[in-house]
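Numbering (this note's numbering), first residue to last: 6 to 309. Using N, Cα and C, we set each Cβ at its ideal position, and we do this for glycine too. Because the structure is a prediction, the values reported are computed rather than measured.
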């Protein structure tokens with residue numbers, strides 16, 4: 006739509022008289038184009054339908070809460086969420102391993118302390134070995150150098166006291182380690198039994214005895230060595246080998262053994278029974294018959 010404004014108002018009269026001959030300056034016209042109104046989308050009934058802007062967002066789940074974010078940022082949020090989940094999983098694993106790591110570190114520290122004690126005990130024994138060992142040697146040293154004998158005796162008592170304390174600590178450590186190993190072995194055995202019950206339907210004490218006997222006979226190990234194994238996979242392997250060998254033996258026995266009904270006796274022909282050949286020689290034949298049969302045998306041999 007164009008709105009025009011002329012230099013003079015529409016319908017204005019020109020001036021009369023001399024003024025009409027004067028030169029007038031033309032006023033330029035103003036043109037202003039108004040924008041066309043937007044067309045409304047109407048329905049079949051003629052009612053306008055409002056235009057819904059296109060939704061350029063998507064819903065994402067971030068740390069347990071849902072957010073609507075631009076589609077362009079969805080992948081970034083998902084990557085961040087995945088990274089956060091993995092980081093949390095790693096942190097949870099580390100936290101779960103902290104007690105075990107602390108236990109391992111404490112055990113290593115105790116082992117190092119035990120080694121240091123044993124090394125110190127060995128050094129103290131070496132020092133004690135350089136001192137008099139018998140009452141006669143002490144008496145002789147006391148006669149030769151009473152002051153040195155007294156000093157060595159006090160030093161020996163101090164060394165013996167320190168060694169005794171270290172020896173008690175070493176013994177206590179060994180007892181604690183033995184008890185700990187027994188607890189670990191018992192727990193490992195319980196875990197092995199639980200796994201074997203899941204893997205072997207008919208598992209029981211008899212199963213353990215059968216596998217132990219099979220291992221002793223098949224591999225030449227001792228029963229004590231078999232009982233010392235707490236790895237369930239080793240027991241499961243032995244069980245399956247035992248079952249496989251029993252199945253093979255059963256197949257061999259079934260293939261070699263036949264039912265009694267299938268065994269047919271071989272017919273035996275007794276002497277003097279059955280039809281005789283016309284060429285068989287007999288002592289009871291007369292000379293003529295015997296000679297005739299003999300000639301027939303020779304003729305048959307020549308034909309062959």
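Check	Outcome
Kindly indicate the opening and closing residues of the alpha helix (DSSP H) around residue 292.	292-308
As an exercise, report each continuous beta strand (DSSP E) stretch of at least 3 residues that is fully enclosed by the segment 77-145, in chain order.	none
Can you tell me which of 66, 186, 94 puts its alpha carbon nearest to the alpha carbon of residue 81?	66
Per DSSP, residue 71 forms a beta bridge with which residues?	66
If you run the structure through DSSP and keep just helix, strand and coil, what is residue 262?	coil
Quick test of your reading: residue 164 and residue 133, contact by CB under 8 Å. State the CB separation rounded to the nearest angstrom.	6 Å
Looking only at its chain, what residues have a beta carbon closer than 8 Å to the beta carbon of residue 140, apart from the 5 residues adjacent to it on each side?	none
My output table needs one value for residue 166: the three-state DSSP class, helix, strand or coil.	helix
So that I know if they touch, is there some Cβ in chain D lying closer than 8 Å to that of residue 261?	Here there is only one protein chain, and chain D is not present.
What is the C-beta distance between residue 243 and residue 208, in whole angstroms, given that I count them as a contact (C-beta under 8 Å)?	That pair is no contact at about 13 Å.
Return the chain-ordered list of same chain residues with a C-beta closer than 6 Å to the C-beta of residue 237, the five sequence neighbours on each side being excluded.	197, 200, 201
Do three or more CB pairs link the segment 109-129 to the segment 173-190 at distances below 8 Å?	yes
What residues in its chain sit with their C-beta under 8 Å from that of residue 213, if we drop five residues either side in the sequence?	240
Under 8 Å by Cβ, that's how I've got residue 247 and residue 216 pegged, so tell me the actual separation to the nearest angstrom.	6 Å
To the nearest angstrom, how far is it from the Cα of residue 142 to the Cα of residue 109?	49 Å
I'd like the span of the alpha helix (DSSP H) that includes residue 215, first residue to last.	210-224
If you reduce the DSSP assignment to three classes, tell me which class residue 237 lands in.	helix
If you run the structure through DSSP and keep just helix, strand and coil, what is residue 206?	coil
Taking Cβ positions, are residue 168 and residue 129 nearer each other than 8 Å?	yes
To the nearest angstrom, report how far apart residue 154 and residue 131 are at their CA atoms.	18 Å
Going by other Cβ atoms of all chains shown within 10 Å of its Cβ, with 16 needed for buried, is residue 231 buried or exposed?	buried
How many angstroms separate the CA atom of residue 294 from the CA atom of residue 307?	20 Å
Rounded to a whole number of angstroms, what is the C-alpha to C-alpha distance between residue 292 and residue 262?	56 Å
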